[in-house]
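Protein chains in written order, with the working numbering: chain A, 185 to 736; chain B, 14 to 131.
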């Protein structure tokens, strides 16, 4: 057996059924092994797209995503996706071919220092320097990608190692280490319970760490038994039960007014697997200024990174949340939060014939089957999706949070559809973002993937345009996209049917047609370029200082 | 404030780059560096002199996450006199040990230890 065969065998050992990649010179031995492997390889049309598909696969399923690329340009094309996976803590294993060791360091054809490039964009990375290290390195890569705070791991394998002979006996996969700890931090738990019981205005601030720890059920029980209002980050949308009346929505720059106002007023902030990101906190010094903070995380580096907690615990959320549960005495606060929610509810009474994206997305959300997966791109449409669509699990809402990578949505939807073929999968994109990985339409065509694509088209780079309008004296530098291609014709070139709508009264039928069509479908939704995302916390402002549409 | 970090690492060729990359990216200035192979442990011993106005825990917590870092010790004169018991941080520290260190006042001590004394 060759090193390349060993790679495929180890992937099988780890239960990998789908991989995403693009062949090239320095990874040809592995592609030769793929030829006869039971693992299904999905050919992307750009390595960034392939890696985003692996991320979509991982985020929608909770499994490790695997992507492949050749040396040089193949590997450099992965960098953006690795960075995306790092900032959103996605378990990903990237395997890159490297030129043979004999020519490494000579500027050989398609040679670049991939290990060096990987340093700031991975959780860890390896260059395999001997065939005897290959097997253990691959096992370590899978273990590291999933352990603690998950993240991307890159394994760079020189071509001569892929071709080297290796014994065919495989080591067994180490059983995953239990994520439970025997000794819970009793003192901190007692301190946390005391803080919660004494709080008059407690608030749960929920991040992506909760669902990644598999603690959604524990969270929902905690929120019921220790009755308190809650808010979520972009990555945690769907963590709170749909029928929880005290869930106030997303907080932060484009969060709901109720969420932002309540967080600013709370006297105890319980931060669960979240990281006080600047898009969440606004002006950090003014964020939840009167609150004591309890912080739970799996990553020690997040404790006291941006806000000093009064009580901090590291460890498995599944165990800590039940142990932290205690009855709260905050009925007036709960009623106040309900009133805030009612007072600042979304309004969909948009005048005129033209399509109002928030209303359209709400209609779409109401019509979607439970457990549909919505993959977003980045920009105004991304915020509208977060504001106006409801999810029953964070795995059903894939959005590039930390890196904010345009071009994420379409390839992520491909990965999600392959991970969850029975569920409806949508890519909701903007006219700017869609063009960033448009080549992945070729992947949809090749595998006849019934992915539904919604393009919300304002013929602008809308979010940048919105900031130019508000903060740059309406100087619209390079954000006019009124020369967009004909998106329906573009889809047709990939054998994907589509339809364009521009009036409110067309929305219902168009959504129905898209969702009932058996294959892939593109719905092109024209909206007014004047529509902006509200509310908005201006840069440098505190979260209670939101700009709203009515104030404009 | 000036700090000295001693870091035991695995014997990986790239480990020095990793440590330097994290140090630069997290906004700390390197004022001195020594690297010695440790024949007994097949690893490296790095000694970093660091200057920064930022709390040093913002660097040590990130360096501790590097897979190739086996042990990290912080030597800081002002801190040593204030908090003699809390100068060692081990990358392999069990969660229980972390939680034990971060109890009540002890936690504030740990976390504040890295902040410029007020």
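We put the CB at the ideal spot given by N, CA and C, even for glycine.
Should residue i be flagged as near chain B, meaning a C-beta pair shorter than 8 Å?
i, result
"residue 484 (chain A)", "yes"
"residue 239 (chain A)", "no"
"residue 334 (chain A)", "no"
"residue 275 (chain A)", "no"
"residue 304 (chain A)", "yes"
"residue 522 (chain A)", "no"
Tell me residue i's beta-bridge partners as DSSP assigns them.
i, result
"residue 352 (chain A)", "Looking at the DSSP assignment, residue 352 (chain A) forms no beta bridge with any residue, so it has no partner."
"residue 308 (chain A)", "A:337"
"residue 387 (chain A)", "A:453"
"residue 47 (chain B)", "B:60"
"residue 88 (chain B)", "B:17"
"residue 203 (chain A)", "A:225"
"residue 415 (chain A)", "A:389"
"residue 609 (chain A)", "A:557"
"residue 704 (chain A)", "Answer by DSSP bridge pairing: none, since residue 704 (chain A) is not bridged."
"residue 342 (chain A)", "A:282"
"residue 174 (chain A)", "Here chain A has residues from 185 to 736 only, and residue 174 (chain A) is not among them."
"residue 82 (chain B)", "B:22"
"residue 172 (chain A)", "Lying outside 185 to 736, the shown extent of chain A, residue 172 (chain A) is not represented and no answer is given."
"residue 731 (chain A)", "A:720"
"residue 42 (chain B)", "B:64"
"residue 710 (chain A)", "A:641"
"residue 687 (chain A)", "A:538"
Report the neighbours of residue i on chain B: residues whose CB is nearer than 8 Å to its CB, in chain order.
i, result
"residue 300 (chain A)", "27 and 30"
Under 8 Å, Cβ to Cβ, is there at least one residue of chain A near residue i?
i, result
"residue 74 (chain B)", "yes"
"residue 34 (chain B)", "yes"
"residue 70 (chain B)", "yes"
"residue 24 (chain B)", "no"
"residue 15 (chain B)", "no"
Under 9 Å between beta-carbons, which chain B residues line up against residue i? List them in chain order, please.
i, result
"residue 328 (chain A)", "80"
Taking C-beta pairs closer than 9 Å, name the residues in chain A that residue i reaches, listed in chain order.
i, result
"residue 77 (chain B)", "484 and 485"
Is residue i near the ligand GTP, with its Cβ less than 7 Å from a heavy atom?
i, result
"residue 253 (chain A)", "Only the bare structure without any ligand can be found here, which leaves the ligand GTP out of the picture."
Is there a C-beta anywhere in chain C that falls below 8 Å from the one on residue i?
i, result
"residue 667 (chain A)", "The displayed structure is made up of protein chains A and B, and chain C is not among them."
Q.
Restricting to runs no shorter than 3 residues, where is the beta strand (DSSP E) found entirely within the stretch 507 to 584 of chain A?
A. 557 to 560
Q) What are the start and end residues of each continuous alpha helix (DSSP H) run of 4 or more residues lying completely inside the stretch 422 to 510 of chain A, in chain order? A) 441 to 449, 462 to 465 and 501 to 508
Q.
So if I threshold CB-CB distances at 9 Å, which residues from the stretch 481 to 506 of chain A count as touching chain B?
A. 482, 483, 484, 485, 486, 487, 488, 489, 492, 493, 494, 495, 496, 497, 498, 499 and 500
Q. Along the stretch 304 to 323 of chain A, what residues have a CB closer than 7 Å to any CB found in chain B?
A. 304 and 308
(Q) Runs of 3 residues minimum, wholly inside the stretch 612 to 683 of chain A: which ones carry the beta strand (DSSP E) assignment? (A) 636 to 641
(Q) What ranges does the beta strand (DSSP E) occupy inside the stretch 212 to 278 of chain A, keeping only unbroken runs of at least 3 residues that lie completely in it? (A) 224 to 227 and 249 to 253
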